[in-house]
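Colleague: Quick one: structure below, then a few questions.
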Amino acid sequence: MSGKNKDQIYIERREGGDYAVRRGGAERASAVKPTQREAIDRAREIAPDAPIHVERVRNTDVGHRDKWRKP
769 MSGKNKDQIY IERREGGDYA VRRGGAERAS AVKPTQREAI DRAREIAPDA
819 PIHVERVRNT DVGHRDKWRK P
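Sequential numbering from 769 applies to the sequence shown in our numbering.
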């Protein structure tokens, strides 16, 4: 996860279908939640003023996933 801003929070979908909440540059998740909504809520608890980036879990019309969205 190198290159990501440490002042920002990223929510990424894991292989098992749950969601990891990470600070930019962190190797380990700060939290793991079963739903995207719960992960967003936890990210806001961890860092209320930090920008949050949520990994998209849908495909676009050209068959590729978007990467990040704001909650």
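Where is the CB? At the ideal position from N, CA and C, for every residue including glycine.
Quick check on Arg-790: buried or exposed, where buried means 16 or more other Cβ atoms within 10 Å of its Cβ?
Modeller: Residue 790 sits at position 22 when you count from the first residue of the sequence shown. Burial call: buried.
Colleague: For Gln-804, collect the residues of the same chain with a Cβ closer than 6 Å to its Cβ; drop the 5 residues on either side in sequence, then sort them by chain order.
Modeller: The count along the sequence shown starts at 1 and reaches residue 804 at position 36. Excluding residues within five positions, the ones whose Cβ falls inside 6 Å are Tyr-787.
Colleague: When you compare only the Cα positions, how much space is there between Gly-785 and Arg-810?
Modeller: Against the sequence shown, residue 785 aligns to sequence position 17. Against the sequence shown, residue 810 aligns to sequence position 42. About 17 Å.
Colleague: Would Lys-801 pass as a contact of Ala-794 if the rule is Cβ separation under 7 Å?
Modeller: Residue 801 sits at position 33 when you count from the first residue of the sequence shown. Residue 794 sits at position 26 when you count from the first residue of the sequence shown. Contact flag unset, no.
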